[in-house]
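Undergrad: Just so we're aligned, residue 201 is where the sequence shown starts under the numbering used here, counting upward by one.
Submitted below is the structure of interest, expressed as structure tokens.
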Amino acid sequence: MKPGRLELYLKANHSGYVNSDLSYFKSLKENFIKRPTIKYLLTKQAVSVGRTLEPSYEISLVIAKCGKNDTIGEDLINPSISVFLKTVIEKVDKVVKAMPLSNNTITRRIDEMGKDIETQHIEKFKSRNFSLQMDESTLRDSEVVLLGYARYIDKE
Numbered sequence: 201m202k203p204g205r206l207e208l209y210l211k212a213n214h215s216g217y218v219n220s221d222l223s224y225f226k227s228l229k230e231n232f233i234k235r236p237t238i239k240y241l242l243t244k245q246a247v248s249v250g251r252t253l254e255p256s257y258e259i260s261l262v263i264a265k266c267g268k269n270d271t272i273g274e275d276l277i278n279p280s281i282s283v284f285l286k287t288v289i290e291k292v293d294k295v296v297k298a299m300p301l302s303n304n305t306i307t308r309r310i311d312e313m314g315k316d317i318e319t320q321h322i323e324k325f326k327s328r329n330f331s332l333q334m335d336e337s338t339l340r341d342s343e344v345v346l347l348g349y350a351r352y353i354d355k356e
């Protein structure tokens, strides 16, 4: 826009800013450029989710190995990590509080790991010779359990 028309526009539509200094408008421009954008906010969130994803899987694996209830992640482990960081490192980490350790998340991650192990074993069974042994056992109250053992040589 031509400077003369720009001045007329400023006087007609923004008369309150006519006597403002040039530095005021420059600071407005700098604030506009430095404002947080949606892309910035989403990438910042993605980075924090990326930092918490692997520990969340590791904690899910520990919970599965211990055979504890899936809610222990949000009830005990997450607050324990926060207390540890606050006490030892003297830092409250927002990333730890954002770490997904809810009941549904832990259950889903344990199921994903189980399916992954199952698909790995199926692929090994398809490519190798194996022997299969079936065993039937009886529990209390005449409950029958059928166990299957698969044996194969794995060079890995």
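Using N, Cα and C, we set each Cβ at its ideal position, and we do this for glycine too.
Assign E336 to one of three DSSP states: helix, strand, or coil.
TA: Of the three classes helix, strand and coil, the one that applies to E336 here is strand, per DSSP.
Undergrad: Within the continuous beta strand (DSSP E) that includes G348, where are the two ends?
TA: Here the beta strand (DSSP E) through G348 covers V344 to Y352.
Undergrad: Mind the definition here: the segment 293-301 touches the segment 265-279 only if three or more C-beta pairs lie below 8 Å; say whether that holds.
TA: Yes, they touch.
Undergrad: Kindly indicate which residue of L332, E207, E290 and R235 has the alpha-carbon position closest to the one of L347.
TA: It is L332 whose Cα lies nearest to the Cα of L347.
Undergrad: On the DSSP letters alone, give me the boundaries of the alpha helix (DSSP H) that D316 sits inside.
TA: From DSSP, the alpha helix (DSSP H) with D316 extends over N303 to S327.
Undergrad: Between the alpha carbons of D221 and L228, how many angstroms are there, rounded?
TA: The alpha-carbon atoms of D221 and L228 are separated by roughly 11 Å.
Undergrad: In the segment 206-246, which residue ranges form an unbroken alpha helix (DSSP H) of at least 4 residues, counting only runs that do not cross its ends?
TA: Counting whole runs of 4 or more residues, the segment 206-246 contains the alpha helix (DSSP H) stretches 222-234.
Undergrad: Between which residues of its own chain and M154 is the CB-CB distance below 8 Å, once the five residues before and five after are set aside?
TA: Since the first residue of the chain shown is 201 and the last is 356, residue 154 is not available in this structure.
Undergrad: The alpha helix (DSSP H) with V283 in it runs from where to where?
TA: First-last of the alpha helix (DSSP H) with V283: N278 to F284.
Undergrad: Just list the residues that DSSP pairs S260 with in beta bridges.
TA: Per DSSP, none; premise fails for S260.
Undergrad: Can you list, in chain order, the residues of its chain with a C-beta nearer than 8 Å to that of V218? Leave out the 5 residues immediately preceding and following it.
TA: Cβ within range, chain order: L210 and K211.
Undergrad: Assuming Y352 and N329 make a contact with CB atoms under 8 Å, what is their CB distance in whole Å?
TA: Contact flag correct, Cβ pair sits at about 7 Å.
Undergrad: Could you tell me how far apart the beta carbons of C267 and I306 are, in whole angstroms, since I believe they sit closer than 8 Å?
TA: In the sequence on display, residue 267 carries Gly and not Cys. 13 Å between Cβ atoms; not a contact.
Undergrad: Could you spell out where the alpha helix (DSSP H) holding K297 opens and where it closes?
TA: K294 to K297 is the extent of the alpha helix (DSSP H) around K297.
Undergrad: Here's the rule I'm using: 16 or more other beta-carbon atoms within 10 Å means buried, otherwise exposed. How should D270 be labelled?
TA: Result: buried.
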